[in-house]
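Scroll down for the structure; my scribbles are underneath it.
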Amino acid sequence: MLNPDGVYLGNYRCSLMGFDLNRHWLDPSPWAHPTLHGVKQLIVQMYNDPKTSLEFYIDIHAHSTMMNGFMYGNIFEDEERFQRQAIFPKLLCQNAEDFSYSSTSFNRDAVKAGTGRRFLGGLLDHTSYCYTLEVSFYSYIIGGTTAAVPYTEEAYMKLGRNVARTFLDYYRLNPMIEKAAVPTPRLRGPASSKDMKMSNLLLLIDQSSH
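When we follow full-length UniProt numbering, the leftmost residue of the sequence shown carries the number 1, and every step to the right adds one.
Dropping the structure here:
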C-alpha cells in the first residue's frame, strides 16, 4: 500500500498532504511522496539489474463509479507489443467472473501521464507489461445477467486469487507467446507474419472461453 496515511484518515484517493499519488510518478518528491519515491527507486534499480527480469507491473485501485474489475493498459506504436499486452486481461476475464474485458481500455491520455502505468510503460522495455487493475467499490455484474452482486471482502480476495491463477495460465502459455512474436518470411499482404500469429493466438484465447 502506497497511501497508508491517507487511507487511515479516510481518504480514498489523496495522501496525508492532499496529493493524488498516482499522478506524481514522473518526479516524486522524497518529502511529499515518500512511498512513491521509494517504490520508483526500487523499480528502476530492479530494471537496471541484469540479473532481474521485471515482467509485470500492476497497481491496484478501487473505482468509485464503474462496476466489476477491469484494467487500463498502454497504447504502443508496435502492433505486436500492443497485442501481447491484451493477453493477460483476456486470460483474467476467463478466470474471474467479476472481471470485465469489455470495460478494459488501452490509452495514452495526457491527463494520465503521471500514473505508474503510463510512466513505467515508457520506461521499461518491450518485455514488460504495465497495467492498472481497477475494482469497483460497490458491485459487479456477471456476464449474461443484469443483477448487481455486492462486493464483499471474500469477493475481493477471490479476485486476487484469480489474478494469481492468471499468472499461472500466462506462463503456461508463454512458449506460444514467444513463438508468436518471432517473425517468419512474409509472402504477401501488408500485415507482418508475427502480427498475424499474435492475432491468431488472441483469437485462440477468445475461443477457449466459449
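For glycine and all other residues, C-beta sits at the position ideal for the given N, C-alpha and C.
In this structure, Ile-58 sits near Tyr-131, with a CB-CB distance shorter than 7 Å.
Scanning Met-67, Trp-31, Gly-38 for the CA closest to the CA of Thr-146 turns up Met-67. Taking one beta carbon from each stretch, the stretch 68-77 and the stretch 87-105 have 3 or more pairs nearer than 8 Å; the two touch. For Ile-87, the uninterrupted alpha helix (DSSP H) segment begins and ends at 87-95.
Sequence-distant Cβ neighbours of Val-163 in its own chain, meaning closer than 7 Å and more than five residues away, are Leu-92.
Ranked by how close their Cα comes to the Cα of Arg-165, the residues Gly-122, Ala-96, Pro-30 have Ala-96 in first place.
When C-alpha distances from Asp-206 are compared across Leu-120, Gln-94, Tyr-156, the shortest belongs to Gln-94. Residue burial is scored here from C-beta neighbours: Tyr-151 has at least 16 other C-beta atoms within 10 angstroms and is therefore classed as buried. Per DSSP, the beta bridge partners of Phe-106 are Gly-73. Per DSSP, reduced to three states, the secondary structure at Thr-115 is coil, with no helix or strand assignment. DSSP assignment within the stretch 116-165 yields the following whole beta strand (DSSP E) runs of 3 residues or more, N-terminal first: 129-136, 139-141, 148-150. Leaving aside the five residues that flank Gly-114 on each side, the residues in its chain whose CB is nearer than 6 Å to its CB run, in chain order, Arg-23, His-24, Trp-25, Leu-26. CA-CA distance, Ala-62 to Asp-109, rounds to 20 Å.
Membership of Asp-59 in the beta strand (DSSP E) is indicated by the continuous run 56-63. Looking at the DSSP output, Phe-99 bridges to Gly-69. With respect to Tyr-129, Phe-56 sits close: the two C-beta atoms are nearer than 7 Å. Residue burial is scored here from C-beta neighbours: Leu-168 has fewer than 16 other C-beta atoms within 10 angstroms and is therefore classed as exposed. If you draw a 10 Å sphere on the C-beta of Ile-142, you find fewer than 16 other C-beta atoms in it, and that means exposed.
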